[in-house]
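Chemist: Handing you a structure now.
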Amino acid sequence: MGQGAGTAQRKDVPVARSAGPAQSCIPIAQISESRVRDDRTIDFRTSGNRWYRNTLPYPCSGLGFERAFSYETSLSQLCSTDIIRVIQTNPPMTRGACGLGEFQPVELVK
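Going by full-length UniProt numbering, the first residue of the sequence shown is number 1, and it counts up by one from there.
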């Protein structure tokens, strides 16, 4: 699991417990929500209310502040080899590109 899993984490990153082995890809059609937690952490919710935590290998400047990103892929899956682009809201433009990490199934601790 990614850095800090199951321990005290940064303010906006909820604690999460591993719920199985990490996956390289998740089907795009099953993604119903994404929550940017900080410059390195994005939680994806898929159908069936399953959560996957993606801990980026390196901090992605502006991601935690803007909390918005886009991606392009020719596959029907979002994978650890894909690149995301931070979307700056004012003025609207992309602001840097960052690689994803593996998708770790998690249970978010409330």
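Ideal Cβ placement from N, Cα and C applies to all residues, glycine included.
1) Could you tell me the boundaries of the beta strand (DSSP E) in which G96 lies?
2) Considering just the uninterrupted stretch of the alpha helix (DSSP H) at Y66, what are its terminal residues?
3) Roughly how many angstroms lie between the CA atoms of M93 and I87, to the nearest whole one?
4) Please give the ranges of any beta strand (DSSP E) in the stretch 7 to 47, keeping only runs that are unbroken, at least 3 residues long and fully inside the region.
5) Under 8 Å Cβ to Cβ from G62, same chain only, skipping five residues before and after it: list those, please.
6) Measuring alpha carbon to alpha carbon, tell me which residue in T81, F69, L75 and R67 is nearest P27.
7) Compare the beta carbon distance of R37 and F44 with 9 Å and say whether it is the shorter of the two.
8) Starting from the Cα of R50, find the closest Cα among G64, E33 and P91 and give me that residue.
9) Residues in its own chain within less than 6 Å of S47 by CB, not counting five upstream and five downstream?
Modeler: Looking at the atomic coordinates:
1) Here the beta strand (DSSP E) through G96 covers P92 to G99.
2) A small correction: the amino acid at residue 66 is Glu; Tyr does not occupy that position in the sequence shown. Looking at the DSSP string, the run of the alpha helix (DSSP H) that includes E66 is L63 to E66.
3) Going by the C-alpha atoms only, they are around 6 Å apart.
4) Taking only runs of at least 3 residues, the beta strand (DSSP E) segments lying wholly in the stretch 7 to 47 are 16 to 18, 25 to 27, 31 to 36 and 41 to 46.
5) Cβ neighbours of G62 within its own chain (closer than 8 Å, five residues either side excluded): D39, V86, Q88, R95 and G96.
6) Across the set T81, F69, L75 and R67, the C-alpha of L75 shows the shortest separation from the C-alpha of P27.
7) Taking 9 Å as the cut-off, the beta carbon of R37 is found no closer than this to the beta carbon of F44.
8) Nearest in C-alpha terms to R50, of all of G64, E33 and P91, is E33.
9) If we look at S47 and ignore the five residues flanking it on each side, its Cβ neighbours are Q30.
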